[in-house]
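Peer 1: Numbering (the numbering used here), first residue to last: 2 to 117. Have a look at the structure that comes next, please.
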């Protein structure tokens, strides 16, 4: 199963990416195994959420490698970009991938400071 990102039930600010990272140039894919390889995920949050003050500054992720093929996941230097065709936010990660496919769970958690 390819890597799929979806909102967690009743979790307006939480999403989970689950499945297999494979080789390719699409969302949830990497160029190949290696250290510091780029992976981009299309975030499922609405524009109302990602337009809030503090969204990018208060974004957190945790990961679990289910097969041991991913040893590190960190935010890229350029953490976010916008998909020009949909306007959705894209998060950029750097991964250390030992082999493909690599089965992972990545929790995506967005907070914001608006209204606090």
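Virtual Cβ for every residue (Gly too), placed ideally from N, Cα, C.
#1: Return the residue from the list 46, 34 and 95 that minimises the CA-CA distance to residue 74.
#2: Can you tell me whether residue 38 is helix, strand or coil according to DSSP?
#3: Going along the chain, which residues of its own chain have a beta-carbon closer than 8 Å to the beta-carbon of residue 88, five neighbours each way excluded?
#4: Figure out for me which residue from 76, 64 and 34 has the closest Cα to the Cα of residue 58.
#5: Short check: CB of residue 16 to CB of residue 8, under 7 Å?
Peer 2: Walking through what the data contain:
#1: Of 46, 34 and 95, the residue nearest in Cα terms is 95.
#2: If DSSP states are grouped into helix, strand and coil, residue 38 belongs with the strands.
#3: Excluding residues within five positions, the ones whose Cβ falls inside 8 Å are 48.
#4: Measuring from the Cα of residue 58, the nearest candidate turns out to be 76.
#5: Taking 7 Å as the Cβ cut-off, residue 16 and residue 8 qualify as a contacting pair.
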